[in-house]
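Number of protein chains: 2
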Amino acid sequence: MAELTKGEIKRNALVKATIELVNNSGFHAAPMSKIAKMANVSPATIYLYFENKQDLVNQVYIEVKAAFTEYAFESFDPKMEVEEGFEIIWKRIADFKLKECEEAMFLAQCDNTPMIDEPSRQQGIKHLQPLLDLWERGKNEGKIKPLSDYILYAYAINPLSFLMIAQKRGGFQLNEDHLEEAYQSAWSSIKK
Amino acid sequence: MAELTKGEIKRNALVKATIELVNNSGFHAAPMSKIAKMANVSPATIYLYFENKQDLVNQVYIEVKAAFTEYAFESFDPKMEVEEGFEIIWKRIADFKLKECEEAMFLAQCDNTPMIDEPSRQQGIKHLQPLLDLWERGKNEGKIKPLSDYILYAYAINPLSFLMIAQKRGGFQLNEDHLEEAYQSAWSSIKK
DNA sequence: TAAAAAAGAATGAACGTTCATTTTTGTTGT
DNA sequence: ACAACAAAAATGAACGTTCATTCTTTTTTA
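If you're matching them up, the sequences are chains A and B in order. Per UniProt numbering, the first sequence starts with residue 1, numbered consecutively. Per UniProt numbering, the second sequence starts with residue 1, numbered consecutively.
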């Protein structure tokens, strides 16, 4: 297994506590003292690993985003056919949003607020490149509508965030059938 | 024209300032003192109109949501054909998100964070009923896929929020062509 | 046993909220 | 029409609290 130093363990606990507190209370009600307590650490210790609160949140965002995209592209190979590649990526993303619900919620919140500073946001976007490349190829091969990447993302990927939040908030339960329906909606809104 | 009392004017200024500050800095960096200053009002005056900061944000949310849905359904008539009704509502919503960008951004932020308390959130959802009714009818008439309202919303309406935020953040410009493409994507993902 | 990591207590700033006054408004009697 | 005045609205300063961050000391590591 991964050899984690004591420092890495503490840092991970801080990251996890930050995600949990920000998810459940929002940035404004996630004070450093609570984050420290939840991570079983002194407030002062946070400053051994992070410059300040903004830096903490930025770093958590970048790391979670990286974990998200790594998960998304894990079984994807750029040599795949466009249809297969998209399906695999889409389903991995759906998987992530359902299984790693806390992380996904955190990303959704960051992506819709001024919580994260601009450089970190840019940094987070970079990892999506393989998907954009796949779409580019799909457009060239006449398999995907020649739409802006923003529109493709809005209709093919982003709806999953909405569904995840709806699920988390109550009532609605996202089951296997729903997921297949959602995938069909996603694909049919971008396929040529 | 509307006869506004001095109090209503002040209250409106407070609402506007809240939206602007929360949009640009987030709840955590929108202190009452700044909201007051931006509304040209003393901090103490806020408490003549709102119980406390949470109440202020809740009320602003409910009011903006009400304005949003009123705008969305303005030219809609429940007796319309399903296709026409949906197109009209969709385009009004798109209009709102582009023209009343500040209000729409505020709603998007509220809908993706724990900023608003649960009762106010529920209150905000109620106004969407005409759209859900239209979908219900569309399903009965075999014109709309028999999907959960959540999924329909996720694919037909919510993508507009993503596009609006992308536009606001930079680079991407949402023009007439984009809008028509987006509408086609929206309709094709829910039509039977 | 020296250096690094961690802790808890301390600090000053900033926050939400309230308080004691002042200003504005609207009503009354003349 | 207006002076007198009570009620309402609005204010700036002040309050107690909480926050992010730092300082000093203790504990752990190597």
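Don't be surprised by glycine CBs; every beta carbon is placed ideally from N, CA and C. In this text, all values refer to a predicted model and were calculated from it rather than measured experimentally.
Quiz prompt | Where the alpha helix (DSSP H) through serine 161 (chain A) begins and ends | solution = Taking the first residue of the first sequence as 1, we reach residue 161 (chain A) at position 161. That run of the alpha helix (DSSP H) goes 159-169.
Quiz item: So which of B:Asn24, B:Phe68 and B:Leu14 has the shortest CA-CA distance to cysteine 128 (chain B)?
Solution: Residue numbering aside, residue 128 (chain B) sits at position 128 when the second sequence is read from its first letter. Note that residue 128 (chain B) is leucine in the sequence shown here, rather than cysteine. Cα-wise, what sits closest to leucine 128 (chain B) is B:Phe68.
Exercise. Taking all protein chains shown into account, decide if glutamine 173 (chain B) is buried (16 or more other Cβ within 10 angstroms of its Cβ) or exposed.
Key: The sequence position of residue 173 (chain B) within the second sequence is 173, counting from 1. It is exposed - the Cβ of glutamine 173 (chain B) has fewer than 16 other Cβ atoms within 10 Å.
Quiz item: Using the beta-carbon of each residue, which ones in chain B are nearer than 9 Å to tyrosine 183 (chain A)?
Solution: To locate residue 183 (chain A), count along the first sequence from 1; it is residue 183. Under the 9 Å cutoff, chain B gives no residues; its nearest Cβ is about 11 Å from tyrosine 183 (chain A).
Practice problem: Note down, in chain order, every chain B residue with its Cβ under 8 Å from the Cβ of lysine 32 (chain A). | Solution: The count along the first sequence starts at 1 and reaches residue 32 (chain A) at position 32. Checking the displayed sequence, the identity of residue 32 (chain A) turns out to be methionine instead of lysine. By Cβ distance, chain B contributes nothing, its closest Cβ being about 12 Å from methionine 32 (chain A), past 8 Å.
Quiz item: Can you list, in chain order, the residues of the stretch 112-143 of chain A whose Cβ is nearer than 9 Å to any Cβ on chain B?
Solution: Asn112, Thr113, Pro114, Met115, Glu118 and Arg121
Quiz item: Beta carbon of tryptophan 90 (chain A), beta carbon of tyrosine 153 (chain A): below 7 Å?
Solution: The count along the first sequence starts at 1 and reaches residue 90 (chain A) at position 90. The count along the first sequence starts at 1 and reaches residue 153 (chain A) at position 153. For tryptophan 90 (chain A) and tyrosine 153 (chain A), no; Cβs fall outside 7 Å.
Quiz item: For proline 26 (chain A) versus methionine 32 (chain B), is the C-beta spacing smaller than 7 Å?
Solution: What you label residue 26 (chain A) is simply residue 26 of the first sequence in a count that begins at 1. What you label residue 32 (chain B) is simply residue 32 of the second sequence in a count that begins at 1. Per the sequence shown, residue 26 (chain A) should be read as glycine rather than proline. Contact flag unset, no.
Quiz item: Who are the Cβ neighbours of serine 161 (chain B) in its own chain at under 6 Å, not counting the five residues just before and after it?
Solution: Within the second sequence, the letter at position 161 stands for residue 161 (chain B). So the qualifying residues of the chain are Ala108.
Quiz item: Helix, strand or coil for isoleucine 116 (chain B) per DSSP?
Solution: To locate residue 116 (chain B), count along the second sequence from 1; it is residue 116. Correct three-state label for isoleucine 116 (chain B): coil.
Quiz prompt | C-alpha gap between glutamine 59 (chain B) and tyrosine 49 (chain B), whole angstroms | solution = The residue given as residue 59 (chain B) occupies position 59 in the second sequence. The residue given as residue 49 (chain B) occupies position 49 in the second sequence. Approximately 10 Å, taken between the alpha carbons.
Quiz item: Between B:Gly171, B:Gly142, B:Ser188 and B:Glu51, which lies nearest to isoleucine 157 (chain B) when the distance is taken from Cα to Cα?
Solution: Locating residue 157 (chain B) in the second sequence gives position 157, counting from the first residue. Of the candidates B:Gly171, B:Gly142, B:Ser188 and B:Glu51, the one whose C-alpha sits nearest the C-alpha of isoleucine 157 (chain B) is B:Ser188.
Quiz item: My guess is that valine 82 (chain B) and leucine 134 (chain B) are in contact by the Cβ rule of under 8 Å, so how many angstroms apart are they, rounded?
Solution: Reading the second sequence from its first residue, position 82 is the one you call residue 82 (chain B). Reading the second sequence from its first residue, position 134 is the one you call residue 134 (chain B). That belief holds up - the Cβ atoms of valine 82 (chain B) and leucine 134 (chain B) are roughly 6 Å apart, short of 8 Å.
Quiz item: Which value, in whole angstroms, describes the spacing of the CA atoms of glycine 138 (chain A) and valine 64 (chain A)?
Solution: Within the first sequence, numbered from 1, the residue matching residue 138 (chain A) stands at position 138. Within the first sequence, numbered from 1, the residue matching residue 64 (chain A) stands at position 64. Distance between the alpha carbons of glycine 138 (chain A) and valine 64 (chain A) is about 28 Å.
Quiz item: Counting only beta-carbon atoms, is tyrosine 61 (chain A) nearer than 7 Å to chain B?
Solution: For the purposes of this step, residue 61 (chain A) is taken as residue 61 along the first sequence, with counting starting at 1. No, tyrosine 61 (chain A) lies away from the interface with chain B (no Cβ there is under 7 Å from its Cβ).
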